[in-house]
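In order, the protein sequence lines correspond to chains A and B.
Position one of the first sequence corresponds to residue 1 (my numbering), numbered consecutively onward.
Position one of the second sequence corresponds to residue 1001 (my numbering), numbered consecutively onward.
Glycine included, each C-beta is placed from N, C-alpha and C at the ideal position.
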Amino acid sequence: MASPLRSTIVIVEDNASLLEFLVMALEEFGNFTVIGAPDGIAGLEKIVEHAPLCVVIDVRMPGLDGYQLVRALRGDPTTATIPVIIMTALAQDKDRFTGLAAGADLFLTKPVMPQDLAAAIQHAITTSEDERLHRLQQLSDTPLDTTTEEE
Amino acid sequence: MMVQSALPISEQAAIRQYDRRRRLASNQIIVSAFIIILALIIVVFTAYSITQANLATYLIDGVFAVSLGLYGVSYWATRHENLRLAALTTVLSTDMTIIVAALLWITLLGRPMSGTALNPVTFAQFTSLCIPIILAGVLGEFWLVLATTLLMNVAALLFCALIPVDSLLSLFVALVISQQWAFTAITLTISRLYQRTLAELGQAYIQAQQLDQLKDQFITNVNHELRTPVMTLQGYIEFLRLKHAGMSAEQLTTSLDRASRTGYTLLNLLNSILEVRNIDQEMPAFDPETVVVKTALEQALLLIDPREGNFGERDVRVQIPNHLGIWGEPVRVQQILTNLLSNANKYSPAGTPIEVIAQRVADEPRKSGLLGRRVGQHPMIALRVRDYGQGIPPDQVALLFNRFVRLPRDLASNISGNGLGLYLCRVLAESMGGRIWVESTGVAGQGATFHVLIPATTLVASDPDITQPRMHSLARPK
């Protein structure tokens, strides 16, 4: 169970050494509770289970790749508003476009310094609530009006 | 003069197009030159005709004018890229010009000058009848060369009929006809060689294009493969730089050990890339020694990260006699096994077994030398690594052991690789006097079996397991 003072994030990365490092480093640099997953399917399960405040996803993974995972998250209302950072060794513009088109909020090219990644995650988490509500509105296609309920 | 059919259809079409453009360009140059030359001849001969006021000379002048007109048609056809018409009119026009010129010499000019028609100049005139044959070879196709040769044969025979009977006439005729067919043979041979060279150049160009694509793929793959371990290593260094003051000794040691392991992973990757380059230049010599197969397998398994693809959880079934020995180089044998096991792990689903079997066999007798003598059989060690994964499409098996090759299916997948592993396996196996191949139906679930055959060494000791080896799962450190 996540500490109330720490934000929970999920890292989906198939390289075991890097995943091990990121779990350790992000808990230290970003004061996060970090949950790691070695592939797309395990990552999806962890995200649904822990409802993290941010997800960092690698692209080239066995089974469900990063782009497919992002689309799966965006297609489910319970996970659609979670900020997603794609972090990949694929460094070409077309990869960046593909990632952002799939629905990622941020595209980072490896190597990324742990403190930079922590800062990017923190920034994604503190993205304004209005943006998340806007996404929810797009999904449900009904205007959210809290004053109506009070009346 | 057909292009070799070994090339793909699109490349054959490209070569035909290139050949066509070359012939059109040649025709344009030849026709331009001939127009100028013939125009000069016409001017000179017209002046001569006027002085002679002879019907024959006017006729000859007329024929020259028609030839000039045909050259004009050829030039026009070239500009409109009608190769067949251009070649035909050029050859026809040249035929007419040379036949008329030869006729002119034999009937009007040669006899009065030398007193006999059979003189060196006459022979030279007959030799000029070979020029259209060469021209047909340069510009036209096989049928045009043959047709031109036959036409020149007929022309030569007719000219000989105009020459007064001479004791050397039959010899002269034989020489002329033989000469023309000799030129035909040479022209066709040169043309055939040219077409073959063109086809080989086309294949070389295609191979160069394919290598270029493979190189680009390789660079992309290596770039991708290097970035992750570099990030890990750089991350640990940065982490230690910023946080070392507050870390316990145990944490420091753990971080340094992990960073070091990542460094070795990176080094191994770089070594595999550089090894390909070294192999391309020259495979380093080695002193062969006895390599115990089971020991090499255990060493190979240690090099595979158990966390990669959950390799630590895989059931690796081993059937290898304890003292089975290979006559080779330990690191090379180990590298072959590492690559094959790593591939089996990557390309088969978690939970399916990987089988490693080794046994002593006699190699198939091979033939060597011009006479195909049977070379003596040598005892070999047959290694088999089998997985139960997606297998390899049979039509792509031939590609597998080449440098930088990754199958189209794998490029589209998320399975990483640099296209060097199996190439290295092949080169290493061959360097030890062995060979490698694969059997696969391409059906998912049936996987692939990689076979490696390497010369055996004398068994170190007898062991009951050698005759009756049992398959067992190998325990590996986690």
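Counting C-beta pairs closer than 8 Å gives fewer than three between the stretch 1244-1258 of chain B and the stretch 1440-1460 of chain B, which falls short of the contact rule. Straight-line measurement puts the Cα of D1019 of chain B at about 26 Å from the Cα of L1068 of chain B.
Excluding its 5 nearest sequence neighbours in each direction, T127 of chain A has C-beta neighbours in its own chain below 7 Å: P83, listed in chain order. When the beta-carbon positions are compared, D1315 of chain B and P1353 of chain B come within less than 8 Å of each other. With respect to S1342 of chain B, G1389 of chain B sits apart: the two C-beta atoms are not nearer than 8 Å. Closest option to I1098 of chain B, judged by alpha-carbon separation, among B:M1152, B:N1054 and B:L1144: B:M1152. In this structure, Q1028 of chain B places its C-beta atom within 8 Å of the C-beta atom of T1078 of chain B. Here I1030 of chain B carries a helix assignment [DSSP, helix/strand/coil]. Assignment of T81 of chain A by DSSP, reduced to helix, strand and coil, places it in the coil class. With respect to the 8 Å criterion, G1447 of chain B and P1393 of chain B are not classified as neighbours on the basis of their beta carbons. Here L1146 of chain B carries a helix assignment [DSSP, helix/strand/coil]. The beta carbons of G1235 of chain B and M113 of chain A sit about 7 Å from each other, so the pair counts as a contact at 8 Å. Between A124 of chain A and D95 of chain A, the CB-CB gap reaches or exceeds 8 Å. Those residues of the stretch 1221-1235 of chain B placed with their C-beta closer than 9 Å to a C-beta in chain A are N1223, H1224, E1225, L1226, R1227, T1228, P1229, V1230, M1231, T1232, L1233, Q1234 and G1235, ordered along the chain. At least one C-beta of chain B is nearer than 8 Å to the C-beta of K110 of chain A. Excluding sequence positions up to five before and after T1184 of chain B, its CB lies within less than 7 Å of the CB of I1133, V1145 and T1149, all in the same chain and listed in chain order. In chain order, G1391, I1392 and A1448 place their CB closer than 6 Å to the CB of S1440 of chain B, counting only its own chain and leaving out the 5 sequence neighbours on each side. Here T109 of chain A carries a strand assignment [DSSP, helix/strand/coil]. Scanning chain B for C-beta atoms nearer than 9 Å to the C-beta of E27 of chain A yields nothing, as the closest lies near 11 Å away. A straight line joining the alpha-carbon of D14 of chain A with that of P38 of chain A spans about 4 Å.
L18 of chain A belongs to the set of residues whose beta carbon lies under 8 Å from a beta carbon in chain B. Taking C-beta separations shorter than 6 Å and ignoring five residues to either side along the sequence, the partners of T1094 of chain B in its chain run P1132 and L1135, following chain order. Contact check for G1325 of chain B and V1292 of chain B: beta-carbon distance about 6 Å, within the 8 Å limit, so the pair qualifies. Within the DSSP secondary-structure output, T1189 of chain B pairs in no beta bridge.
Contacts between L90 of chain A and chain B, judged by CB atoms closer than 8 Å, involve H1224 in chain order. Burial check for F1286 of chain B: the Cβ neighbour count within 10 Å stays below 16, so the residue is exposed. One alpha carbon belongs to L1269 of chain B, the other to G75 of chain A, and they sit about 38 Å apart. In the DSSP assignment, R1386 of chain B falls outside any alpha helix (DSSP H) and lies within the beta strand (DSSP E) extending over P1379 to R1386. Leaving aside the five residues that flank C1160 of chain B on each side, the residues in its chain whose CB is nearer than 8 Å to its CB run, in chain order, L1169, F1172, V1173 and V1176. Separation of the CB atoms of I1320 of chain B and A1358 of chain B is rounded to 4 Å, and the pair is thereby assigned contact status at 8 Å. Taking the Cα of Q115 of chain A as reference, the smallest distance to any Cα among A:L22, A:E45 and A:V10 is reached at A:L22. Excluding sequence positions up to five before and after G99 of chain A, its CB lies within less than 8 Å of the CB of V59, G66, Y67, V70, I86, T88 and F107, all in the same chain and listed in chain order. Non-local C-beta neighbours of E1081 of chain B in its own chain, meaning closer than 7 Å and more than five positions away in sequence, comprise L1024, ordered along the chain. E1200 of chain B has its alpha-carbon roughly 37 Å from the corresponding atom of I1037 of chain B. Around the CB of T1051 of chain B, fewer than 16 other CB atoms lie within 10 Å, so the residue is classed as exposed. Spatial neighbours of R1384 of chain B in its own chain (CB-CB distance under 6 Å, excluding positions within 5 residues in sequence) are listed in chain order as I1357, T1449 and H1451.
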